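A.B. asks: Numbering of the sequence shown is given in our numbering, commencing with residue 214 and proceeding in unit increments.
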Amino acid sequence: MQQSYLYAPFNDESPDKIAQYQIAQDNSVQALVETLREMARVASSVPDLRKIEGTTDVIEEIGKASFEASKLVHDYVLPSVKGKSSIVARLITHAPSSMSFRIAQCQQKCLDLTKKLDRRLLIDINVRVKEVGAEVKKNKIHEWIKAPDNSSSYNVARKKHQHGTGSWFLDGSQFLGWKEQPGSVLWLSGGPGCGKTILCSSAIHNIIEFCKLKPLARGYAYIFFDGTMAQSEALDYNKFMRSLIRQLSNRHSDTMHAALVDLYHACDDGHIQPPESQLKDTLSQMLKSFDSTYIVIDSLDECVDQADLLQWIQSVAAEASGRLHLMLTSRPEPDIEKGLTSLSHLKRVPIVDKCARIDITAYLDARLRSTEMDKWREPEKQTIKSTLLAGSGGMFRWVVLQMDDLMKCFNKAQLTLQLMALPRDLDATYAKIFQQSSYPDALKILLQFLVYSQSPMTVDQLAEVLAVDFNAIGGPLYKPDLRPERPSDIFSICYGLVIEFEGTVKLAHFSVKEYFVKRIASEADSQSVITQVCLANILHFDRPSVLDWTNPSYNLRDHIDSLFPLARYAASYWVYHFRLSGAGATSCPLLQRMLSKLFRLPSTTQSYALISWVRLHRLSANNVSGQLPMGASPLYYACLAGAIHAVEHLVQNGAVINAADESSNNPLLIASLEGHLGVVNVLLDNGADSSVRDTKSGTALQAASSKGHLAVVKLLIEMGADVNSQGGDYGTALHAASSEGYLEVARLLLERGADINLQVGTYGTALQVAAAGDKREVAQLLLDKGADANVKAGTSGTALYIASSQGNFELATLLLGKGADVNIQGGDCETALHAASSEGHLEVVKLLLQQRADVNIEGDIHGSALQAACARGYIEVTHLLLESKADANAKGWTAESALYMASAQGHLELATLLLEKGADANIQGGSHGTALHAACVAGHLEIAQLLLDKGADANIEGGFYGTALQAASAGGHLELVELLLEKGADMNVEEGFYGTELQAASSGGHLEVVKLLLDRGAVVNIQGGDYGTALHAASAEGHFGVAQLLLDKGADVNTQAEDYGTALQAASMRGQVQVAWLLLDEGADVNGNGGFHGSALKAARAGDHLEIAQLLQERGAVDAQ
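#1: Relative to the ligand ZN, is the shortest distance from any of its heavy atoms to the C-beta of LEU1121 smaller than 7 Å?
#2: Our contact map puts PHE812 next to THR744 with C-beta atoms below 8 Å; I'd like the distance itself, whole angstroms only.
#3: Pull up the DSSP beta-bridge partners for TRP400, would you.
#4: Where do the ends of the beta strand (DSSP E) carrying ILE1383 lie?
#5: So if DSSP puts MET670 in a beta bridge, which residue, or which two residues, is it bridged to?
#6: Nearest to THR1125 by alpha carbon, out of ASP1073, GLN1118, LEU1112 and ILE1136?
#7: Report the CB separation of PHE438 from GLU515 in whole angstroms; it is logged as a contact under 8 Å.
#8: Within the continuous beta strand (DSSP E) that includes ALA434, where are the two ends?
#9: How long is the line joining the alpha carbons of GLY1238 and LEU1211, rounded to whole angstroms?
#10: Could you check where the beta strand (DSSP E) with VAL509 kicks off and where it finishes?
#11: Would you kindly work out how many angstroms separate the C-alpha atoms of ARG459 and GLY432, rounded to a whole number?
#12: Quick one: measure Cβ to Cβ for VAL936 and GLY888, integer angstroms, because I've assumed they're closer than 8 Å.
#13: Rounding to the nearest angstrom, what Cα-Cα distance links GLN1019 and ASN1168 in this structure?
#14: Within the same chain, show all residues whose beta-carbon is closer than 6 Å to that of VAL1255, passing over the 5 residues directly before and after it, in chain order.
#15: In chain order, what residues of the same chain have a beta carbon less than 6 Å from the beta carbon of GLY954, not counting five sequence neighbours either side?
#16: When the Cα atoms are used, what is the spatial distance from LEU890 to SER938?
#17: Using three-state DSSP, classify TYR477 as helix, strand or coil.
#18: Does GLY1039 come out as helix, strand or coil in the three-state DSSP assignment?
#19: Would you call the CB atoms of ALA479 and GLU1052 closer than 8 Å?
#20: List in chain order: all unbroken alpha helix (DSSP H) runs of 4+ residues lying wholly within the stretch 796–876.
#21: For TYR849, I'd like the list of residues in its chain whose CB is within less than 7 Å of its CB, leaving aside the five on either flank, ordered along the chain.
#22: Of the choices ALA1144, TYR1240 and LEU399, whose alpha-carbon is the least far from that of GLN1269?
#23: Could you tell me the alpha carbon to alpha carbon distance between ALA1312 and GLN1285, rounded to whole angstroms?
#24: Should the stretch 1134–1150 be regarded as contacting the stretch 1109–1123, the criterion being three or more beta carbon pairs within less than 8 Å?
#25: Assign ILE686 to buried or exposed, taking buried as 16 or more other Cβ atoms, counted over all protein chains shown, within 10 Å of its Cβ.
#26: Specify the secondary structure class of ALA1270 as computed by DSSP and reduced to three states.
#27: Once DSSP output is grouped into helix, strand and coil, what is the label at VAL973?
#28: For GLU348, count neighbouring Cβ atoms within 10 angstroms of its own Cβ and tell me buried if that reaches 16, exposed if not.
#29: What does DSSP give as the partner residue(s) for VAL681 in the beta ladder?
#30: Rounded to whole angstroms, what is the Cα-Cα separation between ALA851 and VAL860?
#31: Find out if the Cβ-Cβ distance for the pair ALA1045, LEU1061 is shorter than 8 Å.
#32: Checking contacts by CB at 8 Å: is GLN939 closer than that to chain D?
#33: Which residues share a DSSP beta bridge with ASP907?
#34: Is the beta carbon of ILE969 less than 8 Å from the beta carbon of ASN1003?
#35: Using DSSP's beta-bridge definition, name the partner residues of GLU1204.
#36: Report the start-end ranges of each alpha helix (DSSP H) in the stretch 1242–1298 that is 4 residues or longer and not cut off at the edges.
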């Protein structure tokens, strides 16, 4: 009887039916297991899951659900009834309906948790997307600022540091006092080879650790002017400032420094490069953002713009004396000493023999203790030490080189002999290395490349240099068989003179370069040899069989670098080296022979080597503008290179001189742009048309003027070039010369009839162009020659407006002295005062006010100058303008008062100042309404508190959000909402885009704000705004938690709204699957009518949300199609 009772559900069924039921239930359990696996996969896909906000509770729920599901599977698979077949056992143990229900319930819970976790992860992904966007912008700005990386020089120096050296300096009173005393300048001076750079790197290491103790209060930056590098851009003043700006921006915080971001935006979002005045101003702003800033400059004597750098040091030492700690190292040169002695807090630390001996002794002791010196007994070691100390003269590098050389001795006699014949100084040491070299020719050419190459050289590239046979018949020839089998053998050839770091080879010390240039090879000779090596590499590609350019199976660039490591360098720089060799103007038979092969003289058709050069160059160019054009004539390429003999041969053999169209491949244009006077002369003598132009460079005269080629400009004018011809990027030749600051070219053009006030392009006149580029000498010339200082042409305002926007005090003073109207409006109807105020240039603002600038003129962008200053948070400028009777309540055409702007941007100190000066806290204007509205939109709690304390009305209506409470609620600013409610803000006011504050908070998914509002009495079913009810808003935006809370608090699931209809229609229209599930489970009418689409099913289909459409149909939606 009992068995019959247990089998009751199947009494009338056949065994096959029972088996089918069991199979179906097995499949359900298997589906549950798969769901469990998916839930675990989602949870385990994020390693730092618990760090994501809002996932902790979900993780705990997943743990519970996993346990319940595992227990269910266990109960199902291992029934406790013994002695029965599996099917019978399961049927006895688990009633069919009960088991099906448990499986379905557990699977649904797992699915819900998986989707809930997915939503949390999606929120986190959105946050990370914003972070990635910020990082992309940061990288873009860093790429634009083009700052050289000094870290490699620092790392090289640190690698050379010997433990225990430098303590006499780092622990000394002068260095310790410098660290603590703002405004002090520490100058570490010493002769060549005394260890300044290594000592400097130790100081930097000390400062880095010191600044880590207070990372936000202390900033630091360092510069190594490394004269061993041929890449001169790392040695100039402009790059110096860019490097400091980038480093200090990185030190400021996790985000990029606002001053650098402002500079980027001021330069047309990176479309133009900043003048030095703007770089200097940005750097000054950064220095003010730290309590203390430590700047270390190594090898000041190796900076190519030493005068500019010394002037900056004098200026910044005075301006930032309360915050700046400046350390310098250099040789004791007279010009440097003269430039530094005027500094009031200068502390000079000469590295005298006594100091250097401390470090040399520590170095020798460490070296003599090493295993490499085990072959010598203690007496010999002491002899080595005393002899080297006596002969060092404080030169650390000299000692290092002698120690390296002594290592080669294999017996006492040889050691004694070598110690008796030590070279007297570094020059004598280098001479000895050259004299004893087994491969003097190879050593010479390798050093020629290291001294003059235009990019860092790798070991493989230098080994490739030795693969050129200079004695080959017909001229230098590239022979792969001459390449060293082991590229690293170059270090034995150059022993003591070079080092390798991070894959590149460089000279071991600046003194090596000095000796080489002075004693071994002239620059012209070296540049000629480098050119020959480069051309030999290119000429090797004079047949198609050398390289398959079209093979898709490999990366072409990597393939070429592996086969021919020097080829891309040769293609990129042979022209540069050729020009500096002087061979373009004089006869060098070897080079002329190689050029004849490249240009296939006397033929005028392209050689395969020429095609290969262009391809290699294009493969190496960083951007399209830097690439050689494909398909140009051999004459064009010869003109670009300045190969005058090749040009003459090509012209004599019928090469076409004048391009048929206005393409960029015109020989005269490229020769003028590159400044090849002799080539231009040949072309003009043979009928070149000087009026031909292209869209970028304009005419040949404009091209030459833009690069400052005075002799070419003079020749072109004498040959009839139109001095006022328009075209190209600059407009006219005078605009081109003025933009780039070529004073003598501008003077010549004016003497030859250039129209000084001709208006062309973005900036207008040549004076405005000169102002934009901070070319003061050219501006002075133009003003002296009658340029109108008040022309408003172009889109950038007058010259005074441009100078003021850049903070260029000197140029602004010059323009005002030449009659510039201080109140003239241009550049969106704004004045120079607007421009200076919006960029925070205090001294220029003072100057303009002294010249009677009208402080209350309204412009089209900022309104008044006061509004312009407040919008960017410049408190000193704001204070000055208010003292000069600026109207604190002026609104301008934007209707946004200064207080409104300060409040919107979160400038608390500014807002306080404005209120003290009579700003009205309740004045209406702008897209948000009052200043309180603006502060609430951005979530600025302290400013909102200030405004309310100063009489701001918490219930005043206006702007996009209607009330301040709705604005704060929309942004999810919980503390602000609490503050406003405490100050008497009314709830349930139907205003603004959302209707009420509850709809606003619900739309944004701000659960805590929604809870607070409901607890304080917000009406859950009130209608209004764009969505309808709060439930409509949460449903449309997919905020599951908010929707659940609203339903728990009595929200009517079937309330109709005008546009969306029901909340279910809102969720269906916007594709919110989880919310749709929730609403249906809470009794939403699946066929409810109304709204724009008529029904939820139609709304889902209109949005192509097929998953929701399927769900609705499963829940009984009637298909009305």
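Don't be surprised by glycine CBs; every beta carbon is placed ideally from N, CA and C. Since the structure is predicted, the reported quantities are computational estimates derived from the model, not experimental observations.
C.D. replies: Taking the geometry as given:
#1: Among the components modelled here there is no ligand, and therefore nothing to report on the ligand ZN.
#2: Wrong, their Cβ atoms sit about 15 Å apart, outside the cutoff.
#3: LEU541 and ARG561
#4: Residue 1383 lies beyond the stretch modelled for the chain, which goes from 214 to 1334, so this question has no answer here.
#5: VAL718
#6: LEU1112
#7: 4 Å
#8: 431–437
#9: 11 Å
#10: 505–511
#11: 12 Å
#12: Actually they are not in contact, since the Cβ atoms of VAL936 and GLY888 sit about 18 Å apart, beyond 8 Å.
#13: 42 Å
#14: SER1215, GLY1218, LEU1220, VAL1223 and ALA1247
#15: LYS988 and VAL991
#16: 21 Å
#17: helix
#18: strand
#19: yes
#20: 802–812, 821–833, 847–854 and 857–865
#21: ASN878, PRO880 and ILE883
#22: TYR1240
#23: 12 Å
#24: yes
#25: exposed
#26: strand
#27: strand
#28: exposed
#29: TYR691
#30: 6 Å
#31: yes
#32: Absent from the structure: chain D. Only one protein chain is present.
#33: GLY911
#34: no
#35: GLY1208
#36: 1243–1250, 1253–1261, 1276–1282 and 1286–1294
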